[in-house]
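Here the structure comes first, spelled out in structure tokens, and everything after it is commentary.
Numbering (mature numbering (1 follows the signal peptide of the UniProt record, and there is no 0)), first residue to last: -26 to -1, 1 to 278.
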């Protein structure tokens, strides 16, 4: 049983560290959502002799001269370009005009003013999620390395389970808050940011994978705690039962009562016999048989 408990403790600790690694990776990256933006091509600058894919050609070298009529050759969808972007909790990055490099800005200021409070709560919940997850991992590590009283190990186990469950709940709330804030920003955000197409990306998958590993770790920890408590109760019940039988045997004076007590104390099933043998407090068969040998012969024939 001790080996099984240690294996469960190692499994819970491994899941906790996995959840912590995934949570930190998701928080520090900006690929929760990816998509494209449809923007108008800028005018080409400098001497342009061939058609460019990322800018609009016109028939004058003076772009600021309003007296000239500019003839633009691109029409329809050719006037637009699809620029990729990706967004995380902290930043939203978009490709530059020439499709090389990126320009990033804080996602907090991209979100509508009335939704920034939700985004700040999301950030606080994510940070608390990582903090509580790390605390639970430290307690699990102390429990695995703990050599001493079993009761102290159970206390560490209980606190680790509480911190891990709380962190999982906070993580779930934080992820749902970000989902809500991003969707509202897509609908009500500034025109120079609204995406044409978008979808959730690998950082978002890491965040929910972290939540899954966190809850698996908490379930394993609670299961270990519950199983250990049930084992203790079972052993205590067997010990109390055997102590009561011994106490009754000591209080009995008559050989007939001893014989009746001996017959009634024989386990009726194999499970009870196993409990009596494993409890560590076996009945003294020698004393019982000594009392039976001391019985007079007539009484022995009468019992036979």
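Just so it is clear, CB atoms sit at the ideal spot from N, CA and C, and this is done for glycine as well.
Please read all numbers here as calculations on a predicted model, not as lab measurements.
With distances taken between CB atoms, is the gap from residue i to residue j smaller than 8 Å?
i	j	result
residue 4	residue 74	no
residue 82	residue 95	no
residue 106	residue 152	no
residue 118	residue 54	no
residue 198	residue -8	no
residue 148	residue 103	yes
residue -1	residue 184	yes
residue 177	residue 6	yes
residue 9	residue 169	yes
In whole angstroms, what separates the C-alpha of residue i from that of residue j?
i	j	result
residue 159	residue 116	44 Å
residue 139	residue 127	18 Å
residue 110	residue 99	16 Å
residue -4	residue 181	6 Å
residue -18	residue 202	12 Å
residue 11	residue 90	22 Å
residue 125	residue 200	13 Å
residue 212	residue 218	10 Å
residue 156	residue 172	11 Å
residue 150	residue 175	15 Å
residue -11	residue 154	27 Å
residue 101	residue -20	30 Å
residue 216	residue 2	60 Å
residue 71	residue 97	31 Å
residue 239	residue 133	Confidence in residue 239 is poor, its pLDDT being 48 and thus under 50, which makes the residue's placement too unreliable to answer from.
residue 295	residue 207	Nothing can be reported for residue 295: it is not among the residues displayed for the chain, which extend from -26 to 278.
residue 224	residue 214	15 Å
residue 210	residue 112	31 Å
residue 221	residue 131	36 Å
List the DSSP bridge partners of residue i.
i	result
residue 156	Residue 156 is not bridged to any residue.
residue 114	BP columns for residue 114 are empty, so no partner.
residue 9	59 and 172
residue 161	DSSP lists no partner for residue 161.
residue 83	Paired residues: none, contrary to the question.
residue 65	80
residue 178	DSSP, once it has assigned bridges, lists no residue as partnering residue 178.
residue 14	54
Using CA atoms only, rank isn't needed, just tell me which of the options is closest to residue i.
i	options	result
residue 79	143, 59, 67 and 209	67
residue 108	-21, -13 and 150	-13
residue 192	56, 214, 114 and 70	114
residue 179	101, 146 and 86	146
residue 63	84, 69 and 188	84
residue 65	214, 167 and 221	167
residue 129	195, -6 and 58	195
residue 143	-20, 2, 77 and 190	190
residue 187	-20, -21 and -6	-6
residue 76	210, 86 and 57	57
May I ask you to report which of helix, strand or coil DSSP gives residue i?
i	result
residue 91	helix
residue 100	helix
residue 222	helix
residue 209	helix
residue 129	helix
residue 77	strand
residue 71	coil
residue 202	helix
residue 244	The pLDDT assigned to residue 244 is 41, lower than 50, so where the model puts this residue is not dependable, and the model offers no usable value.
residue 138	helix
residue -13	helix
residue 166	coil
residue 4	coil
residue -8	helix
Just checking residue i against the ligand HEM - is the residue's beta carbon closer than 7 Å to any of the ligand's heavy atoms?
i	result
residue 186	Ligands in the displayed structure: none, and consequently the ligand HEM is not present.
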